[in-house]
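Under numbering that gives the first Met the number 0, think of the first position of the sequence shown as 0, with each following residue one higher. Note that CB positions come from ideal geometry on N, CA and C, so glycine has one too. Structure first, commentary second.
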Amino acid sequence: MKRLPLFAALAFAGIANATHAADLMSAWQAAQTRDPEIAAARALHEQATFRQEQAKALWAPMVSANGAVGVGGAQSQIKGAEVPGMMTDMTFKTSVNAGALTRAGIGAQKTWISPEREAQSKQLELSAQIAQTQWQQAQQNLIMRTAQRYFDVVGAEQTLSVLLRQQKAMQQAAAEISKRQSVGDASVMDVQEANARVSEIRAHVLTHENNLATKKVAYRQLTGQEPTQLLPIGNINLTPPNLADANTWVQRAKQQSPTLQMMGLQQAIQGQEAKRVKAGSAMTVDWVAQAQIDRLSGHGMYGSASNQMAQYMVGIQLNAPLSTGGMLESREREALKQVDKLRYDQETVEQQIEQQVRDAWQNLNTAQARLQALTQAEKSSKARLAATRQAHRTGARTTNELLGAEHDAAQAELALVQLRIQTVIEQLRLSATSGELDEAQLRQVNALLK
0 MKRLPLFAAL AFAGIANATH AADLMSAWQA AQTRDPEIAA ARALHEQATF RQEQAKALWA
60 PMVSANGAVG VGGAQSQIKG AEVPGMMTDM TFKTSVNAGA LTRAGIGAQK TWISPEREAQ
120 SKQLELSAQI AQTQWQQAQQ NLIMRTAQRY FDVVGAEQTL SVLLRQQKAM QQAAAEISKR
180 QSVGDASVMD VQEANARVSE IRAHVLTHEN NLATKKVAYR QLTGQEPTQL LPIGNINLTP
240 PNLADANTWV QRAKQQSPTL QMMGLQQAIQ GQEAKRVKAG SAMTVDWVAQ AQIDRLSGHG
300 MYGSASNQMA QYMVGIQLNA PLSTGGMLES REREALKQVD KLRYDQETVE QQIEQQVRDA
360 WQNLNTAQAR LQALTQAEKS SKARLAATRQ AHRTGARTTN ELLGAEHDAA QAELALVQLR
420 IQTVIEQLRL SATSGELDEA QLRQVNALLK
């Protein structure tokens, strides 16, 4: 019997440990191992290594060997041959109608000068850089999605909590008004007004319960964890202490934005494509080494015969196309037009990103002033509610005024909750747009949680 309280205490401690409060960092760490989008981005990032290897392999020597066995025939005639010191003007003839043929050869070739391969190599290197930038953007997107789903649940829970308290207060007010109406101290209209407000807030509560359930499912899908005891934002100053001016953030975004970097790399790849097409009519120079032997033996017009020929060479091979019929020139102009199109697309995206940066910066720059104003509004709403509730008991305020004060106080509290969450999300969005969002930024936001 004495061991029972100790056992119960240990069991409670185990349950409390299993349901410990979660924060942004734990949610993000769980999402990294579960989210399929980051897994796909990781696979693309790993492909970059192979593209770099391919770029180097374009300039590596290529070695090939060949062999053949079959039935073949041959006929040769040499006139004007001479055996030194013996006979002159001799004729040699050999013939094999059908005999055993064997052939073996080996060759090696290494590109020395090739504008086309230079362009291909550069394209592969640029493609690897795009994969690296895509990986950075995927990590930033995961941080943003994790924070958004985390605060979606937190905001929905806080909203529902406020609405439940408002519902309870309205139910108490309705019950009080019903009692007063039974003794003739309130009208039937007061009771009807109170019941209508109670029904309205009940509908709001049901809607937000459904919304909270949906937000929890989204959080669970991303992290694989139940959203229990998520820490809310503390009642502290949320504005970054050293917020640079808007123009500085715009310049950072234009230089570091992963989206703009990828668009610049795509332009470079398309520019190399134009060079590669043009290089189709350029001269190429290769180092080559070749060796081949043919052997044929059998019967022919002159009896038994056996022929053997061996060839080898080491040197330089040149290839210079003389005419392409205008095809390459047309394809080059087409590729250059695509470069122009990508450049204009990038200018459009730059304008959009600048607008996003300035919007986020403006929201952050005025966040503290708005938070102070809403905090004061919340205090005033609560004070007004207390005064209205007291005045309603004495008959100095109507039921409609009391229920309106209840609604205004709840809305003031919800506005403050929403602004806190919006301010934190804007901090992350500003860093993401400028290409600076990483784990360190997430830890700074995580430190704002209670």
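**OP:** Please confirm if the segment 29 to 40 is in contact with the segment 69 to 84, defined as three or more CB-CB distances below 8 Å between the two stretches.
**Re:** As far as the Cβ criterion goes, the segment 29 to 40 does not touch the segment 69 to 84, which means the pair count is below three.
**OP:** Quick one: grab the DSSP three-state call for residue 76.
**Re:** As a working note, residue 76 is residue 77 in the sequence shown. Here residue 76 sits in strand by DSSP.
Subject >> Element boundaries [alpha helix (DSSP H), containing residue 443] >> reply: Residue numbering aside, residue 443 sits at position 444 when the sequence shown is read from its first letter. For residue 443, the uninterrupted alpha helix (DSSP H) segment begins and ends at 438 to 445.
Original post:
Expressed to the nearest angstrom, what Euclidean distance is found between the alpha-carbon atoms of residue 288 and residue 261?
Top reply: Position 289 of the sequence shown, counting from 1, holds the residue named residue 288. Position 262 of the sequence shown, counting from 1, holds the residue named residue 261. Rounded to whole angstroms, residue 288 to residue 261 spans 42 Å at the Cα level.
Original post:
So, helix, strand or coil for residue 319, using DSSP?
Top reply: Numbered from its first residue, the sequence shown carries residue 319 at position 320. Residue state, collapsed to three classes: coil.
Subject >> Uninterrupted alpha helix (DSSP H) stretches inside the segment 103 to 190 (no shorter than 4 residues) >> reply: Along the segment 103 to 190, the alpha helix (DSSP H) occurs as fully enclosed runs of 4 or more residues at 114 to 181, listed in sequence order.
Original post:
Which value, in whole angstroms, describes the spacing of the CA atoms of residue 26 and residue 372?
Top reply: Here residue 26 corresponds to residue number 27 of the sequence shown, with the count starting at 1. Here residue 372 corresponds to residue number 373 of the sequence shown, with the count starting at 1. Residue 26 and residue 372 have their alpha carbons spaced roughly 32 Å apart.
Subject >> Spatial neighbours of residue 299 in its chain, beta-carbon cut-off 6 Å, leaving aside the 5 residues before and after >> reply: Along the sequence shown, read from residue 1 onward, the residue named residue 299 stands at position 300. Listed in chain order, the non-local C-beta contacts of residue 299 below 6 Å within the same chain comprise 94, 95 and 96, local neighbours out to five positions each way being set aside.
Original post:
With a CB to CB cut of under 7 Å and the five nearest residues on each side skipped, what residues in its chain are close to residue 163?
Top reply: Taking the first residue of the sequence shown as position 1, residue 163 is located at position 164. Cβ neighbours of residue 163 within its own chain (closer than 7 Å, five residues either side excluded): 204.
Original post:
What residue ranges within the segment 28 to 103 form continuous beta strand (DSSP E) runs of no fewer than 3 residues, ordered along the chain?
Top reply: As far as the segment 28 to 103 is concerned, its whole beta strand (DSSP E) runs of at least 3 residues are 61 to 82.
Subject >> Contacts around residue 217, its chain only, beta-carbon distance under 6 Å, and the 5 residues preceding and following it disregarded >> reply: On the sequence shown, position 218 is the one that residue 217 refers to. Taken in chain order, the residues that qualify are 148.
Original post:
Since residue 294 is in the beta strand (DSSP E), which residue starts that stretch and which ends it?
Top reply: Locating residue 294 in the sequence shown gives position 295, where the first residue counts as 1. Here the beta strand (DSSP E) through residue 294 covers 283 to 299.
**OP:** Give the C-beta separation of residue 229 and residue 152 to the nearest angstrom, bearing in mind that I take them to be a contact with Cβ-Cβ under 8 Å.
**Re:** For the purposes of this step, residue 229 is taken as residue 230 along the sequence shown, with counting starting at 1. For the purposes of this step, residue 152 is taken as residue 153 along the sequence shown, with counting starting at 1. In this structure residue 229 is in contact with residue 152, their Cβ atoms being roughly 6 Å apart against a cut-off of 8 Å.
Original post:
Does the Cβ of residue 321 have 16 or more other Cβ atoms within 10 Å, making it buried, or fewer, making it exposed?
Top reply: Taking the sequence shown and counting its residues from 1, the one referred to as residue 321 is at position 322. By the neighbour-count rule (16 or more Cβ atoms within 10 Å), residue 321 is not buried but exposed.
Original post:
Under 8 Å, do residue 258 and residue 352 count as touching if we go by C-beta distance?
Top reply: Locating residue 258 in the sequence shown gives position 259, where the first residue counts as 1. Locating residue 352 in the sequence shown gives position 353, where the first residue counts as 1. Yes, they are a contact pair.
**OP:** Return the residue from the list 188, 281 and 350 that minimises the CA-CA distance to residue 252.
**Re:** Locating residue 252 in the sequence shown gives position 253, counting from the first residue. Selected option, being the one with the closest Cα: 350.
Original post:
Out of 161, 31, 272 and 117, which has the shortest C-alpha to C-alpha gap to residue 409?
Top reply: Reading the sequence shown from its first residue, position 410 is the one you call residue 409. Taking only the C-alpha atoms, the option nearest residue 409 is 161.
**OP:** Starting from residue 306, follow its DSSP beta bridges and name the residues at the other end.
**Re:** As a working note, residue 306 is residue 307 in the sequence shown. Paired residue(s): 295.
**OP:** Pick out whichever of 126, 65 and 197 has its Cα sitting closest to the Cα of residue 54.
**Re:** Here residue 54 is taken as the residue at index 55 of the sequence shown, counted from 1. That would be 126, whose Cα lies nearest to the Cα of residue 54.
Original post:
Do you know offhand how far residue 9's Cα is from residue 225's?
Top reply: Taking the sequence shown and counting its residues from 1, one reaches residue 9 at position 10. Taking the sequence shown and counting its residues from 1, one reaches residue 225 at position 226. Caution is warranted here: a pLDDT of 36 is assigned to residue 9, below 50, making its placement in the model unreliable, and no coordinate value can be reported.
Subject >> Rounded Cβ spacing between residue 280 and residue 327 (contact assumed at less than 8 Å) >> reply: Here the question's residue 280 lines up with position 281 in the sequence shown. Here the question's residue 327 lines up with position 328 in the sequence shown. Yes, residue 280 and residue 327 are in contact; Cβ-Cβ is about 5 Å, under 8 Å.
**OP:** Enumerate, from N- to C-terminal direction, the unbroken alpha helix (DSSP H) stretches of 4 or more residues contained entirely within the segment 221 to 246.
**Re:** As far as the segment 221 to 246 is concerned, it has no whole alpha helix (DSSP H) run of at least 4 residues.
**OP:** Would you be able to state if there are at least three C-beta pairs under 8 Å between the segment 380 to 399 and the segment 408 to 428?
**Re:** Counting Cβ pairs under 8 Å, three or more are found: they touch.
**OP:** Could you check the C-alpha separation between residue 123 and residue 425 for me, to the nearest Å?
**Re:** Position 124 of the sequence shown, counted from the first residue, corresponds to residue 123. Position 426 of the sequence shown, counted from the first residue, corresponds to residue 425. Take the alpha-carbon of residue 123 and the one of residue 425: they are about 36 Å apart.
Original post:
Applying the criterion that 16 or more other CB atoms from any shown protein chain within 10 Å of the CB defines a buried residue, is residue 58 buried or exposed?
Top reply: For the purposes of this step, residue 58 is identified with residue 59 of the sequence shown, where counting begins at 1. So residue 58 counts as exposed.
Original post:
When DSSP labels each residue in this structure, what does residue 450 get in the three-state scheme?
Top reply: Nothing can be reported for residue 450, as the shown portion of the chain is limited to 0 through 449.
Original post:
If residue 355 sits next to residue 432, beta carbons under 8 Å apart, how far is it from one beta carbon to the other, in whole angstroms?
Top reply: Translated into positions along the sequence shown, residue 355 becomes position 356. Translated into positions along the sequence shown, residue 432 becomes position 433. Yes, residue 355 and residue 432 are in contact; Cβ-Cβ is about 5 Å, under 8 Å.
**OP:** List the DSSP bridge partners of residue 343.
**Re:** For the purposes of this step, residue 343 is identified with residue 344 of the sequence shown, where counting begins at 1. According to the DSSP secondary-structure assignment, residue 343 is paired through a beta bridge with no residue.
Subject >> Straight-line gap, residue 221 to residue 140 (C-alpha atoms, nearest Å) >> reply: Numbered from 1 along the sequence shown, position 222 holds the residue referred to as residue 221. Numbered from 1 along the sequence shown, position 141 holds the residue referred to as residue 140. When rounded, the distance between both Cα atoms is 12 Å.
Original post:
Does DSSP put residue 270 in a helix, a strand or coil?
Top reply: As a first step, residue 270 must be located in the sequence shown, where it is residue number 271. Three-state DSSP puts residue 270 in a helix.
Subject >> Minimum C-alpha distance to residue 274 - residue among 100, 333 and 110 >> reply: For the purposes of this step, residue 274 is taken as residue 275 along the sequence shown, with counting starting at 1. The shortest C-alpha to C-alpha distance from residue 274 to any of 100, 333 and 110 is the one to 333.
Original post:
When the Cβ atoms of the segment 44 to 52 are set against those of the segment 83 to 90, are three or more pairs found closer than 8 Å?
Top reply: These segments do not touch.
Original post:
Are the beta-carbon atoms of residue 145 and residue 30 separated by less than 8 Å?
Top reply: Position 146 of the sequence shown, counting from 1, holds the residue named residue 145. Position 31 of the sequence shown, counting from 1, holds the residue named residue 30. Contact: yes.
**OP:** Please confirm whether residue 211 and residue 156 have their CB atoms less than 8 Å apart.
**Re:** Sequence index remark: in the sequence shown, residue 211 carries index 212 (1-based). Sequence index remark: in the sequence shown, residue 156 carries index 157 (1-based). For the 8 Å CB-CB criterion, residue 211 and residue 156 form a contact.
Original post:
From what residue to what residue does the alpha helix (DSSP H) around residue 368 run?
Top reply: Taking the sequence shown and counting its residues from 1, the one referred to as residue 368 is at position 369. Residue 368 -> alpha helix (DSSP H) spans 366 to 393.
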